[in-house]
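As structure tokens, the structure follows; a few thoughts come after it.
Number of protein chains: 2
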Amino acid sequence: MSNPGPDRGPASARRPEAAPGEQGPVRRLRRAERREQILDAATRAFARAGYTATGLDEVAAEAGLTRAMLYRHFESKADLYRAVLDRACTRLAEATGTDDFDEDSIPALLRAAAADPDGFKLLFRYAAREPEFRDLIDSITTASREIAHRNLATRIAAGPWLDWAANLIPTLTIEAVIAWLDAGRPDPGQAADRISQAVHGVMAAARPAPS
Amino acid sequence: MSNPGPDRGPASARRPEAAPGEQGPVRRLRRAERREQILDAATRAFARAGYTATGLDEVAAEAGLTRAMLYRHFESKADLYRAVLDRACTRLAEATGTDDFDEDSIPALLRAAAADPDGFKLLFRYAAREPEFRDLIDSITTASREIAHRNLATRIAAGPWLDWAANLIPTLTIEAVIAWLDAGRPDPGQAADRISQAVHGVMAAARPAPS
DNA sequence: CCACTTGTAGAACTCGAAGTATACAAGTAG
DNA sequence: CTACTTGTATACTTCGAGTTCTACAAGTGG
Chain S
1 MSNPGPDRGP ASARRPEAAP GEQGPVRRLR RAERREQILD AATRAFARAG YTATGLDEVA
61 AEAGLTRAML YRHFESKADL YRAVLDRACT RLAEATGTDD FDEDSIPALL RAAAADPDGF
121 KLLFRYAARE PEFRDLIDSI TTASREIAHR NLATRIAAGP WLDWAANLIP TLTIEAVIAW
181 LDAGRPDPGQ AADRISQAVH GVMAAARPAP S
Chain H
1 MSNPGPDRGP ASARRPEAAP GEQGPVRRLR RAERREQILD AATRAFARAG YTATGLDEVA
61 AEAGLTRAML YRHFESKADL YRAVLDRACT RLAEATGTDD FDEDSIPALL RAAAADPDGF
121 KLLFRYAARE PEFRDLIDSI TTASREIAHR NLATRIAAGP WLDWAANLIP TLTIEAVIAW
181 LDAGRPDPGQ AADRISQAVH GVMAAARPAP S
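As given, the protein sequences belong to chains S and H, one line each in that order. Heads up, the first sequence is in the working numbering, so the first residue is 1 and it goes up one at a time. Heads up, the second sequence is in the working numbering, so the first residue is 1 and it goes up one at a time.
Right, here's the structure in full:
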């Protein structure tokens, strides 16, 4: 027992809410704020090298706290990491409609990536490769593939090339967004058009017999 | 001391070479053969989950050996992993010309990926993200980017979109090859044409102002 | 036969990083 | 003031996995 986790047991109904902007240059944060700040720092730290290669000391240093404080907010390293990925997934799902693909999907993806670039990269560059945590992002990737498959099926005959394109297009889209982040995020409007055009290029390449 | 590494000290000039095909159903292999067999097994094992997530027990089991034997061929887990990556890099460099990009580059890449799919995936899906080992593949990725940059510079004005395309095109190519492997490797000739077409689609998307 | 190598089996050692514990300092609400 | 929470600092324990060691079995070439 002796669970130091998120919800402290007794007598924790304190500070229901504070008057907004009550504190000037304060050092101490209320529980929820501190938790968010830790998640921000952990996202940054983990985005540099992934789960196993990042020690809790690095996370604590990034947050400007001691390791002990992390354990007052999260039960374990894995718990913290899941919380980081969960938040990133949730933000992504809120920013982009999860359901289908339309002409606003790519702009929405660009907005989401720009709003939380570390979380975005962490999800697709690391979490997608970590067996223990892949499940968190698998719902997104498999959904993307299914949507792509469905949309392509109207234009491409069933077969290996349809599967090929349905796998490749979501990956291309994500990588194009990351490359856009790395290029300094030029002109989001143009970026959406260019990425869309690139996707259409792959779709064209997947059509029946090119010879 | 007591180095169990690759070159055993004294009196190891044994078995200079054996007559080819001398052994029928033998269990014991000569040093170089066993080493290759271990590298094969390690490539398979590491390709499933990467360096840290794969234990030496799994590698040994994949090779059908005990952990102790691994240490008679490699000094450490890191040494073994580097040897695996080295071999995969070398094969890749031999199969594809390292120098420039021509119309045989994509077929060559497909041949290389088909010849050693586990090594190929291991390099690009895992090693590229592992800080400790990134250096082994960095020469390849930076070279690809430079070649792409150089080739695109004749058709696209310098600026963020040139950088964007130069980063994206090598990634797209690699991912397209992996998607081709995952789709069951249909028709390599068509695959090369389709991938080439997809690359041209991204190039078109990177040209000046699309509006 | 003998020297040497390949191989098994398994215990023991090591070490870094996760996780736990305790003591103390300081802000905040009632 | 008092109770409680947030915070620091540091020492300690635990544990998994890499690494080492020893003992023994069996094939191989000279």
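By construction, the Cβ of each residue, glycine as well, lies at the ideal position given by its N, Cα and C atoms.
State the DSSP-derived secondary structure class of residue i, mapped to helix, strand or coil.
{"i": "S:L70", "result": "helix"}
{"i": "H:I156", "result": "coil"}
{"i": "H:P186", "result": "coil"}
{"i": "S:D100", "result": "coil"}
{"i": "H:E130", "result": "coil"}
{"i": "H:E75", "result": "coil"}
{"i": "S:A88", "result": "helix"}
{"i": "S:A61", "result": "helix"}
{"i": "S:G201", "result": "helix"}
{"i": "H:G55", "result": "coil"}
{"i": "H:P20", "result": "Below a pLDDT of 50, predicted positions are generally treated as unreliable, and H:P20, at 40, falls in that range; the measurement from the model is reported next regardless. Coil at H:P20, not helix or strand."}
{"i": "S:R150", "result": "helix"}
{"i": "S:P170", "result": "helix"}
{"i": "H:R82", "result": "helix"}
{"i": "H:R207", "result": "coil"}
Using the C-alpha atoms, what's the distance from residue j back to residue i?
{"i": "H:P188", "j": "S:F124", "result": "28 Å"}
{"i": "S:G184", "j": "S:K121", "result": "15 Å"}
{"i": "H:E130", "j": "S:A49", "result": "7 Å"}
{"i": "H:L181", "j": "H:E36", "result": "24 Å"}
{"i": "S:T54", "j": "S:R91", "result": "23 Å"}
{"i": "H:V26", "j": "H:E33", "result": "Caution is warranted here: a pLDDT of 45 is assigned to H:V26, below 50, making its placement in the model unreliable, and the coordinate value is therefore given only provisionally. The straight-line gap from Cα to Cα measures roughly 13 Å."}
{"i": "H:D79", "j": "H:D135", "result": "14 Å"}
{"i": "S:G201", "j": "S:L172", "result": "11 Å"}
{"i": "H:P160", "j": "S:A68", "result": "44 Å"}
{"i": "S:I137", "j": "S:H149", "result": "18 Å"}
{"i": "H:A198", "j": "H:D86", "result": "30 Å"}
{"i": "H:D30", "j": "S:T66", "result": "Per the sequence shown, residue 30 of chain H should be read as Arg rather than Asp. Answer to the nearest angstrom: the Cα atoms are 54 Å apart."}
{"i": "H:T98", "j": "H:S196", "result": "18 Å"}
{"i": "S:E132", "j": "H:Y126", "result": "15 Å"}
{"i": "S:A158", "j": "S:A128", "result": "27 Å"}
{"i": "S:H73", "j": "S:L110", "result": "31 Å"}
With residue i as the anchor, note down where its alpha helix (DSSP H) starts and where it stops.
{"i": "S:P107", "result": "105-115"}
{"i": "H:L123", "result": "Neither: H:L123 is in no alpha helix (DSSP H) and is coded neither H nor E."}
{"i": "S:A42", "result": "31-49"}
Could you pull out every residue in the same chain whose Cβ sits closer than 8 Å to the Cβ of residue i, ignoring the five residues on either side in sequence?
{"i": "H:L152", "result": "L162, A165, A166, I169, M203, A206"}
{"i": "H:A114", "result": "L181, R185, P188"}
{"i": "S:V84", "result": "L39, A42, T43, F46, G119, L122"}
{"i": "S:R155", "result": "M203, R207"}
{"i": "S:A112", "result": "R91, L92, A95, T96, F120"}
{"i": "H:R145", "result": "A166, N167, P170"}
So, for residue i: in the same chain, excluding its five sequence neighbours on each side, which residues have a beta-carbon less than 6 Å away from its beta-carbon?
{"i": "S:A47", "result": "D118, K121, L122"}
{"i": "H:Y51", "result": "Y81, E130"}
Can you name, in chain order, every residue of its own chain whose Cβ lies under 7 Å from the Cβ of residue i, other than the five neighbours on each side?
{"i": "H:I147", "result": "D100, F101"}
{"i": "S:D116", "result": "A88, R91"}
{"i": "H:L56", "result": "R67, L70, K77"}
> Within the chosen definition, does the stretch 138-145 of chain H reach the stretch 186-201 of chain H through at least 3 CB pairs nearer than 8 Å?
Replying inline: no
>> Pairs of beta-carbons, one from the stretch 49-63 of chain S and one from the stretch 56-72 of chain H, closer than 8 Å: are there three or more?
In response: no
> For the 8 Å Cβ check, are there 3 or more pairs between the stretch 171-180 of chain H and the stretch 96-116 of chain H?
Replying inline: yes
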